[in-house]
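Q: Residue numbers 909 to 1020, in the working numbering, belong to the letters of the sequence shown in order.
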Amino acid sequence: MLVKRFFAFWFDFIIGDDWTVAAGVVLLLAVAAGLAYANLQTATWIIVPAGVAGILTISLRRATTEAKPQPLHAFSASLQPPTTAHAGPPARTSAPGETVKLSMRSPSTEPR
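1. Are there 16 or more other CB atoms within 10 angstroms of the CB of I963, so buried, or fewer, so exposed?
2. Measuring only the C-alpha atoms, how far is V939 from V933?
3. Taking the straight line between their C-alpha atoms, what separation do you get for S967 and A941?
4. Alpha carbon to alpha carbon, how far is I955 from Q949? Give it in angstroms, no decimals.
5. Let me know the secondary structure DSSP gives G962 once reduced to three states.
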């Protein structure tokens, strides 16, 4: 049971949400190993960072195009705050100089 959970953790950690990133990294490491085996270490040091940047770009582009939000327009009705039903009577405005008594009780808790 413990071994199964151990490998399940590593599978989820490495593969995660996007298996293509893990496959790209494995492919990139294989290419880097092949270049190093052919004594092309300089090319390896150039290919690895460029490959990581490419994999990240592809992953981010795919993630942002899948859940593309709808554009907002400046005078759209969707920008208006939602209206809610008001439970109590309309608010009373005071005249200039008039003293207003404030109460901490809501209308539903006042004695009848």
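The beta-carbon is built from N, C-alpha and C at its ideal position, and this holds for glycine as well.
A: Based on what the coordinates show:
1. Here residue 963 is taken as the residue at index 55 of the sequence shown, counted from 1. Per the 10 Å Cβ criterion, buried.
2. On the sequence shown, position 31 is the one that residue 939 refers to. On the sequence shown, position 25 is the one that residue 933 refers to. Each residue's alpha carbon lies about 10 Å from the other.
3. Taking the sequence shown and counting its residues from 1, one reaches residue 967 at position 59. Taking the sequence shown and counting its residues from 1, one reaches residue 941 at position 33. Looking at the two C-alpha atoms, the distance is approximately 23 Å.
4. The residue you call residue 949 lines up with position 41 of the sequence shown. The residue you call residue 955 lines up with position 47 of the sequence shown. Roughly 10 Å separates the two Cα atoms.
5. Counted from its first residue, the sequence shown places residue 962 at position 54. Helix.
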